[in-house]
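Asks: In full-length UniProt numbering, the protein residues as written are 1 to 1191. Glycine included, C-beta positions come from ideal geometry on N, C-alpha and C. Treat the numbers as computed from the prediction; the structure is a model and nothing was measured. One structure is given below, represented as structure tokens, and several questions about it will come after.
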């Protein structure tokens, strides 16, 4: 029962050999990434075998069968947990085996209805319902019955509901291609760097999806049928210490293999098409030893090894006798391969055993079946795993190869003989043939002879006693020897018997012998028994009958599915239109177009209809470029334009915009041109953009944005050395962006450039990625320069401030970035405070002066922020170097930083302005009040829910007691609960409408507070750790400045999150900065850290504003009534109005708190070393400004 082959000694009775065997087909294999000697094997007998391959001298195999139901179709080891082995079965079960212990396997909840054919581990792409996930913890994915599931990261919770990638992400991709039903998923493969994953679909297409954003990156169409396998090339191989040049390659399989290069940026590119297998390919594996070497397993019983870069087959392995389901390269030996098959064997073989043959392209199915029989019959016997010396096995296989040629010749002769036997004609005369073999009736024979004699010679007649007269039924065979009427009568008798036995071909032959071709054809047409031979006889009955036979045979072939052959018979009778329509109706569009072009007139409308239908089909499949070709051939410019617009490539979008203009669709042309030009700017493809502007002059105003993006593209990759050269005044020959854009604007012939360009400018004020940043900055600077000529100077300054604000916010999240200094260097190449610089200009109006303050504040804050966070680079720039322009060996001071005191002196007042401080304090106060009102509303909902639940429990008790008071009206207690519930709902609705809180978020918050209601025991410990955590969250600059964070009150009831910030100078002097919420340390965005929610309580130190100065006044922990909530809502509204008023005047400003710390740090560590008096003066000036802003 254990399927072990055991050998015992007859003399001693001891076991000499114990070999485990497989009791079923091998469907899956997996090698452990942490212990390459361990091979997991999935069998069809509901077992998993783990083979320790460290020593091939003995078979060390452990079998696992508990909780495994059905065939094991998929296996995968955990990349980090050495003993975790995941499996999937044919009945849809997914589980995990801990091979390092005797524990029962963990079985997840059943969700797949059919076989699971892929299991893999990867980082989670879907967030859990709790909203908190460890992005570094791997989770399990399974593919089966067309769906993809992501399981929990904790196998100890197998009953947790998995998440479907189909419903979450993939089905939306199908809808974008106008598919009515969602497609079936066949495979999933994650890229080794976890940046993206590929999904195989039933129609042969493939989605490439970003793991981070879950956006569809690419759609590729490698095959026309269901995709069987996906496999990414490894990032590194053992033979090369560097990153593999093929790390972006992805192999796919169906009837053939296609390999695509899918880089991080750019479009997928087909690298290789590998055709050699005669059956479906079900297994792929890249070599971990050599770059570009691929293994494929197929139903044709073979394993093939490919060198993908050269697209050549290194050889075939024919050791299996049935379909090969999986194959892997041995991780220990580069020339060894392991393969598993449905012949119930796992074979470990060498690359030396490969057959060096030329691989032909796959043939048709009928030819393939005959070829397979020959290959199988002459293939060498299966070489199973050999323990010990392999020389004997190699010699046996070589002998089999030497005898293959002789056996092949004998097989071909035998096949020819069998073919001749099958061609032996069948008997037509089934009725009369038995009588002919026993021909008697002498009297009839005698009479016929006598009738032929001239003169007749009388002969004695035989007596009746000698032979009886033949009966009427025994005379049928004698018609062979009669006249033509007798022969026709005989043939009709035979035909009736042939019809009964359904031998239609023989019936038709007999009818043809009688000369009644019309009757034969009419019967064949009526019964749909036409054949090529019957139709070829039709001309004997006339042209009309032949034409009718061809038309009927074409219909018969169509019903049988042989459309191509049916079309040829229609063409034979000159029905070209019908033939073309028939091919098109069966989606054979290429064939239909070929016939239409050759047999129809040039302007025949049917040709256009075929092209249009072809375009509709490929458009639904996502092949928009081919659809555009089809529509253009059909002279359907509208559909062609719409298809080109879906391609989302610059050249196609440009053509679509031009076609829309030609069709007179101005709005569509404007939309497509704007999309194309926007993509040109975002992708820095200025060539296509300028071509579009040239060909469509009405979009000349885009030239300003294109030129702005071009100039920024030249400077965005500059290093800190070039920026400091500009600050030192050494890059005076640099081109000015404002001057260049002003020249472009002056050359345009359109109307007001600013009004035309303004609707297209970007609106994402805080881009997270570098590409988005330069796109936004280039647009705002283009708008600023256009406003200089077509609007007021204030508009110019507003767009410039917006660009500076985006660059500064990007620097806050990327401390090493020099985005804003680079932008300023190209705007004012002669220096910050040079003559005619926007930073040295005296503005005329109050609005312009306010915006000028914002500009100077951003410039100062960005430069000091970068220097403070990149102090090592600053000290490196100060180092001495050899100046190549002077004498050899001469050393000069590279950067003296003489401009820094001037920058601090001129801009400290702008960045440390009291209005800036007030803006950020009000911002924090607004968020604090919003959180307070929201939490108070949630608390009321919780109280209401508890009261309602208590009332329901009382009702149940009353019903259980069956008292007569059940019909009495509701008491006061219940009424108050209902009123409280109604009031709570009204308050909740009012707060949600005021704060724009979605209902789903409110429900989630209630759930969280209910769960935290019983955690009050840990509050004291959290309060003790609050100060330590706050200190750890300080930025590096705060730590360098010796900043400490303490509570403003010793009373533990006070809010621990209202922090007091102090700095220590030279470990002697301490100056109190301010007592503000901790939210102000978070750059330009105030957070709600000033609020702490503990169980059912919410504490807050409310701040009331007096002029521009924020003060703190204690308030109660709870808002006692709805009136209190209304008061707070009114305060929020007033604060919001103040913030909007400030942003209307200044657009945006940097955080003065961070800037103040950075300035003091640079004065202490840089300016003081150059000029201590100057440093002291600057420090006193900054402190004075800072104190004034906090009065």
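(1) Measure the C-alpha to C-alpha separation of residue 564 and residue 583 and round it to an integer number of angstroms.
(2) Any idea which residues DSSP pairs residue 88 with across the strands?
(3) Starting from residue 219, trace the beta strand (DSSP E) both ways and give me its first and last residue.
(4) Tell me which same chain residues have a C-beta within less than 6 Å of the C-beta of residue 726, skipping the five on either side of it?
(5) Which residue or residues does DSSP assign as beta-bridge partners of residue 52?
(6) Please list, in chain order, all residues of the same chain as residue 634 whose beta carbon is under 6 Å from its beta carbon, the five residues on each side excluded.
(7) Can you tell me the Cβ-Cβ gap for residue 799 and residue 807, rounded? I've got them flagged as a contact below 8 Å.
(8) Going straight from the alpha carbon of residue 906 to that of residue 746, what length do you get?
(9) For residue 860, which residues does DSSP report across the bridge?
(10) What does residue 275 pair with, by DSSP beta-bridge criteria?
(11) Please return the same chain residues whose Cβ sits closer than 7 Å to the Cβ of residue 19, not counting the five positions on each side in sequence.
(12) What residue range does the beta strand (DSSP E) around residue 190 cover?
(13) Alpha carbon to alpha carbon, what distance is there between residue 768 and residue 929?
(14) Let me confirm a value: residue 353 is counted as buried when at least 16 other C-beta atoms fall within 10 Å, else exposed. Which label applies?
(15) Along the alpha helix (DSSP H) that carries residue 1195, what are the first and last residues, could you check?
(16) Just verifying my parser: in three-state terms, what is the DSSP assignment at residue 265?
(17) With residue 306 and residue 274 assumed to form a contact (beta carbons below 8 Å), what rounded beta-carbon distance in angstroms separates them?
(18) With H, G and I counted as helix, E and B as strand and the rest as coil, what does DSSP make of residue 120?
(19) With residue 688 and residue 650 assumed to form a contact (beta carbons below 8 Å), what rounded beta-carbon distance in angstroms separates them?
(20) Within this structure, are the beta carbons of residue 708 and residue 817 separated by less than 7 Å?
(21) In chain order, what residues of the same chain lie with their CB nearer than 7 Å to the CB of residue 524, ignoring the 5 residues before and after it?
(22) Let me know if residue 320 comes out buried or exposed under the rule of 16 or more other beta-carbons within 10 Å of its beta-carbon.
(23) Which whole-angstrom value describes the C-beta separation of residue 862 and residue 821, a residue pair presumed to lie in contact below a C-beta threshold of 8 Å?
(24) Taking residue 50 as the reference, give the member of 97, 17, 15 and 11 with the closest Cα.
(25) Taking 7 Å as the limit between beta carbons, can you name the residues of its chain near residue 384, skipping five residues before and five after?
(26) What did DSSP end up calling residue 304 once you bin it into helix, strand or coil?
(27) Once DSSP output is grouped into helix, strand and coil, what is the label at residue 573?
(28) Three-state secondary structure (DSSP) at residue 870?
(29) Helix, strand or coil for residue 252, going by three-state DSSP, please let me know.
(30) Look at the alpha carbon of residue 710 and the alpha carbon of residue 684, and state the distance between them as a whole number of angstroms.
(31) Have a look at 873, 870 and 804 and flag the residue whose alpha-carbon is nearest the alpha-carbon of residue 855.
(32) Which stretch, first to last residue, makes up the beta strand (DSSP E) that contains residue 238?
(33) Name the two residues that bound the continuous alpha helix (DSSP H) containing residue 807.
(34) Does the beta-carbon distance from residue 72 to residue 32 come in below 7 Å?
(35) Quick one: Cα of residue 1159 to Cα of residue 924, how far?
(36) Using the C-alpha atoms, what's the distance from residue 515 back to residue 490?
Replies: On the basis of the coordinates in this document:
(1) Cα to Cα, the separation comes out at about 7 Å.
(2) 74 and 94.
(3) Counting along the chain, the beta strand (DSSP E) containing residue 219 begins and ends at 216-220.
(4) For residue 726, where only same-chain residues beyond five positions count, the Cβ hits under 6 Å are 825.
(5) The partner list for residue 52 (beta bridge, DSSP) reads 38 and 60.
(6) Closer than 6 Å at Cβ, skipping near neighbours: 608, 611 and 612.
(7) So it is not a contact: roughly 13 Å between Cβ atoms.
(8) Linking residue 906 to residue 746 through their CA atoms gives a straight-line distance of about 34 Å.
(9) DSSP, once it has assigned bridges, lists no residue as partnering residue 860.
(10) Beta-bridge partners assigned by DSSP to residue 275: none are found.
(11) Closer than 7 Å at Cβ, skipping near neighbours: 4, 5 and 59.
(12) First-last of the beta strand (DSSP E) with residue 190: 185-190.
(13) The straight-line gap separating the alpha-carbon atoms of residue 929 and residue 768 is approximately 28 Å.
(14) It counts as buried.
(15) Nothing about residue 1195 can be read from this structure; the chain reaches only from 1 to 1191.
(16) Of the three classes helix, strand and coil, the one that applies to residue 265 here is coil, per DSSP.
(17) Their Cβ separation, rounded to whole angstroms, is 5 Å, which keeps residue 306 and residue 274 in contact under 8 Å.
(18) When DSSP states are grouped into helix, strand and coil, residue 120 belongs to the strand group.
(19) About 4 Å; that satisfies the 8 Å criterion.
(20) Cβ atoms of residue 708 and residue 817: not closer than 7 Å.
(21) Only 508, 530 and 534 meet the Cβ criterion.
(22) Buried, by the Cβ-count rule.
(23) With 8 Å as the limit, residue 862 and residue 821 qualify as a contact, their Cβ atoms being about 6 Å apart.
(24) With distances taken between Cα atoms, residue 50 lies closest to 97.
(25) For residue 384, the predicted structure reports a pLDDT of 38, less than 50, and the residue's modelled location is therefore unreliable. A value from the coordinates is still provided. Around residue 384: 345 and 347.
(26) Residue state, collapsed to three classes: strand.
(27) Three-state DSSP puts residue 573 in coil, outside helix and strand.
(28) In the displayed model, residue 870 falls within coil according to three-state DSSP, outside both helix and strand.
(29) Strand.
(30) Using only the alpha carbons, I get a separation of about 7 Å.
(31) The candidate whose alpha carbon is nearest that of residue 855 is 804.
(32) Annotation: residue 238 is outside any beta strand (DSSP E) and is labelled neither H nor E by DSSP.
(33) Its alpha helix (DSSP H) spans residues 793-813.
(34) The answer is no: Cβ separation not under 7 Å.
(35) Distance from the CA of residue 1159 to the CA of residue 924, rounded to the nearest whole angstrom, comes to 23 Å.
(36) Straight-line Cα distance between these residues: approximately 14 Å.
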